[in-house]
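Some notes on the structure that comes next.
Numbering (the working numbering), first residue to last: 1 to 115.
Now the structure itself:
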């Protein structure tokens, strides 16, 4: 497994995701979206499992401040230039990815990796 967790330090679900993997001694890389933007390649890989619309946090302050609810905009470009628009956590293992705290899916990934 080559896990990455994209989130923020203030996000409770990001903390819970980190704890989930720490408790199972599964190594992961935490990417703080407040400090580092997601690359286009990382985003494209995630889009293999998750829709672009699902990645956008329509309840975020950035979404509200930029008035995106009432605008037509390039969603991919908006996410790449405003990383705090992402719903978090985004957990990625290669080409598989999830949004939010979904331990049942992660447990399945762990079981599949043992086979």
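All C-beta atoms, glycine included, are put in the ideal place defined by N, C-alpha and C.
- Taking the Cα positions, residue 95 is about 29 Å away from residue 72.
- Residue 14 counts as buried, since at least 16 other C-beta atoms from the protein chains shown sit within 10 angstroms of its C-beta.
- Residue 37 and residue 16 have their C-alpha atoms roughly 21 Å apart.
- Contact check between the segment 22-33 and the segment 52-65: fewer than three CB pairs, one atom from each, fall below 8 Å, which does not count as touching.
- DSSP places residue 67 in no alpha helix (DSSP H); its state is neither H nor E.
- Taking all protein chains in view, the Cβ of residue 98 is crowded by 16 or more other Cβ atoms within 10 Å, so the residue is classified as buried.
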